Structures are given as structure tokens and as C-alpha cells.
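Student: So the sequence lines, in the order shown, correspond to chains A and B.
Letter by letter, the first sequence follows residues 1 to 233 in my numbering.
Letter by letter, the second sequence follows residues 1001 to 1291 in my numbering.
Pasting a structure here, questions to come.
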Amino acid sequence: MSFSFSNQQAVYSQISIDNYIDVGRNNVSEGVYSDFSTLILADAGSFTVSSGALLSFTNAQKNIFSAYFLSISRNIYERNHPINIEAFDLWKPFSEDLREYNFGFIADFRTKQFGFNLGFNSRLYSFTRVAKIKYNIPDSISTRVWVPINLMYQLSYFLPLNKKTLLEVRVTDFNTYTILQETNPMILTKFTYTLNDKIQFHSELCYMQVGLLNIRVNYFGYYLRGGVLWKIK
Amino acid sequence: MENKIKLFKASHFLLLFPVLLLFNCYEDVDYSGYLRSTDRVNDRFVQSNEWNKNHPLKNLVVNTDNYQVLVAADNHIGGVTNFKLMLEASKKTGNAAFVLVGDIVTGKKDDYLVFKNLLPNIDEVPYFLMVGNHDLYYDGWKLYYDYFGTTTYYFSIQTPTAKDIFICLDSGGGTLGNKQLAWLKNILTTERDVYRNCIVFTHVNFFRNRHTGSTNLLVPEINVLLDLFVHYCVDMVITGHDHIPFVHVFGNTTYITLAALADFDRNASYLKLGINEGKAGYEFISLQPIK
């Protein structure tokens, strides 16, 4: 999802491309996994359209094409502060038989040191048509589960290390192509290095845990990301 | 004035933490869990597996094709009134066993002892247990393991014509962990075809039906399990944790979240899981009807 860099998105440019690679491990990945993402962001006045796709390579999942993302966002100004409002769709064919579909809205507000994102998503699980036939599921049986509403949030602290390098520490329940439940925040640190006005390198380390609020904090997984944002003028 | 405004804004964020803490303000919450866990699900799985090796898995035999299993969640003993009612019901003819899908006690030793002393002779009334998050509070796993042993295992019920499998999983830590997940995949791959119905029990519910501080398995883990249960034709997944009953039918699998059985729950109920004419069905048995 493009929320995290929608502020740094192409204010000066019309099109940006963000490519990144994740390498990680978690309780369900059956070893190390890697994800490859390409996101394209196009500006049109105060609107930005983002579209991206994720390829996943893991022992646990047969589908290589594992997510598609589409959003439209708009910058509005409140007391000279830009607020980015975004509507998005996220489609995840996470298995041969099942799909996860998310849609929602999120607002993004940033000061010099802090960033705040707040929004919600709705999640729908469904069978594919082929799977309904494969498992002999009659039309009378529900093949969808709707999880009506989930709070999305992100709290970021930005620390410029020098003119070109920015450190960010973030607590959030969503990131790129994953939206977790509101009770399952993850913690990540991100470095952004601006090479010039066209190219930015970024890397992040994310720790995922479970059970924060009423269970007991337990390890779930981590990933390391490296990517480059290319602003095409 | 500007400083006061800044201070006011900062105080809002400082308030956030205690508000989160109070989100689940039971007196029996072990707040140290916000920072650490004293046991890990992978360790619990290894211990459970070790215990399973030394204790043969149960195969109950019933002499009729139709039978029932009573299932309850979130007893939260301390209070025992509702648990005793379910216990009495479980002794009636036609009930093959009862299953408690976690949060049996508060995690405190006194409550573990109260529960242990209430349990019937397992050969007369078979019962099957697994941990929930509350059972693990206050280092509760050590007590659970000492008293009851395994929390990850399966058992079967043999009727004159078929055999059903019941798989009990440990989600008390909010995740199955990679070892338990591998075990589950192996059981489904090697054993599923041998059995007619397959029922999975675990504490933490899969789908969130409302805003609550009650935590769930992470979305990537839920996705893996949903796929696994579709692929291996799991008939029912029975959970607790949320205290509010809910049923989701998702293809050939029915996901049931049980109400709490705890005395303090105004809408306490348990589930009568019935196998009739070879098919799994259910009925909620309310203990204190809504007024």
C-alpha cells in the first residue's frame, strides 16, 4: 500500500515507480520467503492514483501472484498542513481456492517529526468459482465471510540523520499489501536515503508480534525490505 | 498558551497507553503479558508432543451412530456454578465426552486446583482440554502441564459404521507457531481420509465480528488455516475467546465462536455438538437466558 510514502510521493513529478524486495520469515512461511513488489504512482493535480502488484516466493503458498493494490488519494490542506485522504482496494489470491478482498479509507497527516494515519478497512473472504465446483458447494451454502470493520492506524516518528538520510520508527497494523487486525500492531524502523531529486533508496525492518492486548506478546515473524523509489519527471 | 496546547495534545497520547491497558480490565489479567511471555507456543508444542508419545491417544467407542459432544469455552474458573451444570449434562446418556476449548481458569494455582478437583473420572466421562490465553497467565502453563499434560493432540470417536476425528490445537499464545502448524498439516495429510467428520477445536476465534480488545490469530496465519481447512474438508472449527457466540458458514466448514461459560457472563451457554446420520450439527444450550 502506498500510504507510507504518499507524503513523499511525486509532488514534483507526474509518475513514480517504487520497487522493493522483502525477505522474511514467520510462523506460517515454512522457512524464508521473499516478496517482490512494483508500485506505480501517477499524479493528476491534487489526485494520485497508485497501483501495485506483489509476487511471493514461499514454500507455504503455490500462488506466486499474491496481491494487487489500487488506490486513489487526494491532498487537501487544513491550516497549511497537507492531509492525504485515500480510498483503496486490495485483492489477495492467497491460495488456489480462496481470495481475500479489502477495501477502505485512510487519512494521512504529517508534521515535521510525526506522522499519523487513521482509517478503516473491511475484509471479505471468498471462494473462487472453480473452488465452489471443486468442493461441490451448492449455492445455498455461503462461500463468503465478511469481517465488517477494522481500524487502521499508523504512528510514525521521523528523525532526519542528515540532509539525505531519514530514520523513521513506526507502529502500525498495516503495511504495503498486508492489513492486520487492529489488535495486532507491528513495529518497524525505516531508513530513507535520497540520492537525488529522482531517486530514493529505502529499507525497513519489521517485527510482527501477536497477542498484545489480552493474550501475551508472542513472536510471529519479521521481514527486511530494500527498495528504490524512482520519480520520473 | 501555545505550550499549553502542546502539553494538552501530548497528554492525549500519554492517556492512550492506560486506556489500552484498561481495554480488557479484568482483575484476573496478568499485565506482565503486555511485555513478555514466560512460555512459547513452540515449547508447549514440544512438551505436548512428548506427553502424547507417553500417553496413547484416545479412541472412544460408542454403540450408536448418533452421539453428542458437549463443548464449552471461557469458564474462567474461579466461579464453578455454570461449569457444574455442564458437567451434570455431560453425564447424560448420548454424550460421548465434553471438550473445553480454553480459558478454563484464570491461570492462578488456586483456580487450577478447584477445576482439577471438580473433574470427573476420565474413564467415566471422557473430557478433552486445551489452553486459552488466560490459562497461561501467571506461568499457568506449568500448572496445566503438570495436571493435564498435552494441549495439542487429537482423539477419535468410533461408531458402529464410521470414525470421526477431533483435533485440539493450542492458540493460547495468539499463534499456533510453526511446529504445531507443521504437525497439523501432517495430521490432515496422513489421517483425514481415514475419518468421516473432522472437527477442530482451538481457543482463539478466527473472525472478528465487532470491535474488541480480544486478540486474534494474525491475518497471514488465518489465511493459511482457512485454506488448509477447505482443502482437507474440515467440517467444523469450534473456538471461544470472544465470549460472544457467532457462526460463520464458509463453504463446507462451519466456524463457531462459543459464548463464555463463565459465571459472570450474563449470556452463558455451551454447545451440544451432535453427530446425527453421519453429519455434524450443533445447538447452543443457554444456561441463563437473556432477560
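All C-beta atoms, glycine included, are put in the ideal place defined by N, C-alpha and C.
Just so it is clear, the structure is predicted and the values come from calculations on it, not from any experiment.
1. Measure the C-alpha to C-alpha separation of E100(A) and K233(A) and round it to an integer number of angstroms.
2. Using a C-beta to C-beta distance shorter than 9 Å, which residues of chain B count as neighbours of D22(A)?
3. Comparing the C-beta of T183(A) with each C-beta of chain B, is any distance below 8 Å?
4. Counting only beta-carbon separations shorter than 8 Å, does A1280(B) have a partner in chain A?
5. Helix, strand or coil: which one does DSSP assign to P1220(B)?
6. Mind checking if G1251(B) is an interface residue toward chain A, Cβ cutoff 8 Å exclusive?
7. Counting only the same chain and skipping the five closest in sequence on each side, list residues whose C-beta sits under 7 Å from that of F1148(B).
8. Against chain A, which members of the stretch 1180-1210 of chain B pass a CB distance test of less than 7 Å?
9. When the Cα atoms are used, what is the spatial distance from K1185(B) to N102(A)?
10. G1173(B) CB to nearest chain A CB: under 8 Å?
11. Would the beta-carbon of Q1068(B) fall within 8 Å of that of K1272(B)?
12. Hey, V1200(B) and L1169(B) are a contact pair by Cβ (cut 8 Å); roughly how many whole angstroms apart?
13. Between S1214(B) and H1241(B), is the Cβ-Cβ spacing less than 8 Å?
14. Kindly indicate which residue of G1094(B), W1051(B) and V1105(B) has the alpha-carbon position closest to the one of Y1145(B).
15. Output needed in chain order: residues of the stretch 1229-1250 of chain B with a Cβ under 8 Å from some Cβ in chain A.
16. Does DSSP put I17(A) in a helix, a strand or coil?
17. Can you pull the chain B residues whose beta carbon is under 7 Å from the beta carbon of N26(A), in chain order?
18. Kindly confirm or deny that the stretch 1076-1087 of chain B and the stretch 1117-1131 of chain B touch, where touching means at least three C-beta pairs closer than 8 Å.
19. If you draw a straight line from the alpha carbon of Y207(A) to that of V1061(B), how long is it in whole angstroms?
20. Is G1107(B) close to chain A, meaning its C-beta is less than 8 Å from at least one C-beta of that chain?
21. V228(A) to Y219(A), Cα distance in whole Å?
22. With a cut-off of 8 Å, does the C-beta of D1227(B) fall near any C-beta of chain A?
23. For V1080(B), list the residues DSSP reports as bridge partners.
24. Which stretch, first to last residue, makes up the alpha helix (DSSP H) that contains H1134(B)?
25. Which runs of the alpha helix (DSSP H), 4 residues or longer, sit entirely within the stretch 1132-1198 of chain B?
26. Using the rule of at least 16 other Cβ atoms within 10 Å of the residue's Cβ for burial, across every protein chain shown, is V1101(B) buried or exposed?
27. Applying a beta-carbon distance threshold of less than 7 Å, which residues of chain B neighbour F220(A)?
28. So, is W230(A) buried or exposed, given that buried needs 16 or more other C-beta atoms within 10 angstroms?
29. Do we get a CB-CB distance below 8 Å when we pair F1008(B) with the residues of chain A?
30. So with Cβ pairs under 8 Å, would you call C1025(B) a contact of chain A?
31. Under 8 Å by Cβ, that's how I've got F1207(B) and V145(A) pegged, so tell me the actual separation to the nearest angstrom.
32. Is there a Cβ of chain B sitting closer than 8 Å to that of D97(A), yes or no?
33. Helix, strand or coil for N150(A)? Go by DSSP, reduced to three states.
34. Along the alpha helix (DSSP H) that carries T1045(B), what are the first and last residues, could you check?
35. Quick check: what's the CA-CA separation for L90(A) versus T183(A)?
36. Using 8 Å as the limit for Cβ to Cβ distance, is R1044(B) near chain A?
Tutor: With the structure as the only source:
1. Residue 100(A) sits at position 100 when you count from the first residue of the first sequence. Residue 233(A) sits at position 233 when you count from the first residue of the first sequence. Between E100(A) and K233(A), the C-alpha separation is close to 35 Å.
2. Translated into positions along the first sequence, residue 22(A) becomes position 22. Those within 9 Å of D22(A) in chain B number zero; the least Cβ separation is about 13 Å.
3. Here residue 183(A) refers to the residue found at position 183 of the first sequence. By this cut-off, T183(A) is an interface position.
4. Within the second sequence, residue 1280(B) is the residue found at index 280, counting from 1. Closer than 8 Å: no.
5. The residue labelled residue 1220(B) in the question sits at position 220 within the second sequence. Correct three-state label for P1220(B): helix.
6. For the purposes of this step, residue 1251(B) is taken as residue 251 along the second sequence, with counting starting at 1. True, the Cβ-Cβ gap to chain A drops below 8 Å.
7. The residue given as residue 1148(B) occupies position 148 in the second sequence. The answer, listed in chain order, is L1129.
8. L1181, F1207 and R1208
9. Position 185 of the second sequence, counted from the first residue, corresponds to residue 1185(B). Position 102 of the first sequence, counted from the first residue, corresponds to residue 102(A). The straight-line gap from Cα to Cα measures roughly 27 Å.
10. Start at 1 with the first residue of the second sequence, and residue 1173(B) comes out as number 173. Yes - at least one Cβ of chain A is within 8 Å of the one on G1173(B).
11. Indexing the second sequence from 1 puts residue 1068(B) at position 68. Indexing the second sequence from 1 puts residue 1272(B) at position 272. Going by C-beta atoms, Q1068(B) is nearer than 8 Å to K1272(B).
12. What you label residue 1200(B) is simply residue 200 of the second sequence in a count that begins at 1. What you label residue 1169(B) is simply residue 169 of the second sequence in a count that begins at 1. At roughly 7 Å, the Cβ-Cβ gap stays under 8 Å, so V1200(B) and L1169(B) are in contact.
13. If you number the second sequence from 1, residue 1214(B) lands on position 214. If you number the second sequence from 1, residue 1241(B) lands on position 241. Yes.
14. Indexing the second sequence from 1 puts residue 1145(B) at position 145. Minimum Cα distance to Y1145(B) is reached at W1051(B).
15. V1230, H1231, C1233, H1248, V1249 and F1250
16. Translated into the one-based positions of the first sequence, residue 17(A) becomes position 17. Reduced to three states, the DSSP call for I17(A) is strand.
17. As a first step, residue 26(A) is located in the first sequence; it is residue number 26 there, counting from the start. Within chain B, the residues near N26(A) are P1220.
18. yes
19. Walking along the first sequence from the start, residue 207(A) turns up at place 207. Walking along the second sequence from the start, residue 1061(B) turns up at place 61. Approximately 47 Å between the Cα atoms of the pair.
20. For the purposes of this step, residue 1107(B) is identified with residue 107 of the second sequence, where counting begins at 1. So, not an interface residue.
21. As a working mapping, residue 228(A) is identified with position 228 in the first sequence. As a working mapping, residue 219(A) is identified with position 219 in the first sequence. Approximately 29 Å between the Cα atoms of the pair.
22. Working through the second sequence from its first residue, we reach residue 1227(B) at position 227. Judged by the 8 Å Cβ criterion, D1227(B) is in contact with chain A.
23. As a working mapping, residue 1080(B) is identified with position 80 in the second sequence. DSSP lists no partner for V1080(B).
24. In the second sequence, the residue the question calls residue 1134(B) occupies position 134. That run of the alpha helix (DSSP H) goes N1133 to L1136.
25. 1133-1136, 1140-1148 and 1177-1191
26. Against the second sequence, residue 1101(B) aligns to sequence position 101. Buried, because 16 or more other Cβ atoms sit within 10 Å of the Cβ of V1101(B).
27. Taking the first residue of the first sequence as 1, we reach residue 220(A) at position 220. Here the neighbours are T1175 and L1218.
28. In the first sequence, residue 230(A) corresponds to position 230, counting from 1. By the 10 Å Cβ count, W230(A) comes out exposed.
29. Translated into positions along the second sequence, residue 1008(B) becomes position 8. Only weak support is given to the placement of F1008(B): the predicted model assigns it a pLDDT of 48, under 50, and the question is left unresolved by the model.
30. Numbered from 1 along the second sequence, position 25 holds the residue referred to as residue 1025(B). Low per-residue confidence applies at C1025(B): pLDDT is 44, beneath 50, and the placement is therefore not dependable, though the value from the model is reported in the following sentence. False, the Cβ-Cβ gap to chain A never drops below 8 Å.
31. Against the second sequence, residue 1207(B) aligns to sequence position 207. Against the first sequence, residue 145(A) aligns to sequence position 145. Indeed they touch by this definition, with Cβ atoms about 6 Å apart.
32. As a first step, residue 97(A) is located in the first sequence; it is residue number 97 there, counting from the start. It does: the Cβ of D97(A) has a partner Cβ on chain B nearer than 8 Å.
33. Here residue 150(A) refers to the residue found at position 150 of the first sequence. DSSP places N150(A) in strand when its eight states are reduced to three.
34. Residue mapping note: residue 1045(B) aligns to position 45 of the second sequence, counting from 1. Looking at the sequence itself, residue 1045(B) is Phe, so the reference to Thr does not match. Looking at the DSSP string, the run of the alpha helix (DSSP H) that includes F1045(B) is V1041 to N1054.
35. Residue numbering aside, residue 90(A) sits at position 90 when the first sequence is read from its first letter. Residue numbering aside, residue 183(A) sits at position 183 when the first sequence is read from its first letter. Computed Cα separation, rounded: 20 Å.
36. Residue numbering aside, residue 1044(B) sits at position 44 when the second sequence is read from its first letter. Answer no: the Cβ-Cβ gap between R1044(B) and chain A never drops below 8 Å.
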